[in-house]
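J.: Note that this note's numbering gives residue 123 to position 123 of the sequence shown, counting from 1, and the numbers run on in steps of one. Cβ atoms here follow ideal geometry from the backbone N, Cα and C, with glycine treated the same way. Because the structure is a prediction, the values reported are computed rather than measured.
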Amino acid sequence: APATPLSGLILGELLAETELPAGSWSILPVPNDRMPALVQDERLPVISFTGSETVGYAIMDSVPRKHCTLELGGNGAAVVLGDWASDEDLDRAAARIATFSNYQGGQSCISVQRVIADAAVYDRLLPRIVAAVEAQVTGDPNDDATDVGPLVSEAAAERVEAWVREAVDAGAKLLTGGKRDGASYAPTVLTDLPAGTTLAREEVFGPVLSVQKVSGEAEAFAAVNDSKYGLQAGVFTHDLQAAFRAHRALEVGGVVIGDVPSYRADQMPYGGAKQSGVGREGVRFAMDDYTYERVLVLTGLAL
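(1) By DSSP, does Gly-56 sit in helix, in strand, or in coil?
(2) According to DSSP, which residues form a beta bridge with Phe-236?
(3) Assign Ile-47 to one of three DSSP states: helix, strand, or coil.
(4) If I'm right that Pro-269 touches Gln-232 with Cβ under 8 angstroms, what's the distance once you round it to whole angstroms?
(5) Report the rounded CA-to-CA distance for Gln-113 versus Gly-73, giving the unit in angstroms.
(6) List the endpoints of the continuous alpha helix (DSSP H) containing Arg-159.
(7) Can you tell which of Ser-108, Gly-177, Glu-281, Leu-303 has the C-alpha that lies nearest to the C-alpha of Val-130?
(8) I'd like to check one pair, Phe-221 with Leu-381: are the Cβ atoms closer than 8 angstroms?
(9) Using the Cβ count rule (16 or more neighbours within 10 Å means buried), how would you classify Tyr-292?
(10) Cα separation between Val-286 and Ala-78?
(11) Around the C-beta of Glu-17, are 16 or more other C-beta atoms found within 10 angstroms, so that it is buried, or is it exposed?
(12) What number of angstroms, rounded off, separates the C-alpha of Cys-109 from the C-alpha of Arg-65?
(13) In angstroms with no decimal places, state the Cα-to-Cα distance between Tyr-263 and Thr-299.
Given below as structure tokens:
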């Protein structure tokens, strides 16, 4: 991506230290207006894209005869069920939610954007979340004391600011945050978020979190599914059967039990349902994407 080239260039430096043959890989910082020519080049039979749904589906539409893997957006939900009720449970949930709604400035497709809490624990959980979010330190990402760095640009922070303002004007309650300083945006918690607002419908890609009260497991799972996205979800529960029910009911690519949705390991089949993408990422799945099966039939040979 032209706005964030450094990580790719560093990866290129690491690859250069390996025994990979020269010319077997390239790192190309390409401006957006030159990307169509690259993805449409017939020498590239496979496209794997991570980014917004708008760009991802535009790429897929432009190359209908190519194999495409798309890892797109999400508005990750963390469900806290009624059995996750001890003080230790709620402290841990609040700490994990605060950390993973704000890590990378909230600029992760599996960051926590929505908390869906059972009414049995909501009143005890909410102040813990607010306190944990307020404890997050915003500042220079080069400083080890910083928890939340800036967004990718000032324009991105202005967009987040506008979405929060729209939500508050529509009736959402701002419990903490809601302030921008250049490209930085303070970690923010909202409740009573109206369903029709942009924050409720879209991926915020910033340090903003909404908390919703529900009555029971079924209502919680329905709230998770009330989204065009379906990347991953986290469910805080001690009940193994509830975990299995969540896995069956939730329209997402991955369910994380006892933690937030912001978990990924390279051996996982990583990807989403609905508008969150097509296909799966991960080492084994990338090997499948970039290769194809061939059969060899031997006849008339002495073996």
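T.: Looking at the coordinates:
(1) DSSP places Gly-56 in helix when its eight states are reduced to three.
(2) Listed as beta-bridge partners of Phe-236 by DSSP are Val-80.
(3) Strand, per DSSP.
(4) Under the criterion of beta carbons closer than 8 angstroms, Pro-269 and Gln-232 do not qualify as touching, at roughly 11 angstroms.
(5) Distance between the alpha carbons of Gln-113 and Gly-73 is about 12 angstroms.
(6) That run of the alpha helix (DSSP H) goes 154-169.
(7) When each option's Cα is compared against that of Val-130, the closest is Gly-177.
(8) Examination of residue 381 is not possible in this model, given that the chain is present from 1 through 303 alone.
(9) Taking all protein chains shown into account, Tyr-292 has fewer than 16 neighbouring C-beta atoms within 10 Å of its C-beta and is therefore exposed.
(10) The identity of residue 286 in the sequence shown is Ala, whereas the question assumes Val. Taking C-alpha positions only, Ala-286 is separated from Ala-78 by approximately 28 angstroms.
(11) That one is exposed.
(12) In a straight line, the C-alpha of Cys-109 is about 27 angstroms away from that of Arg-65.
(13) C-alpha of Tyr-263 to C-alpha of Thr-299: approximately 49 angstroms in a straight line.
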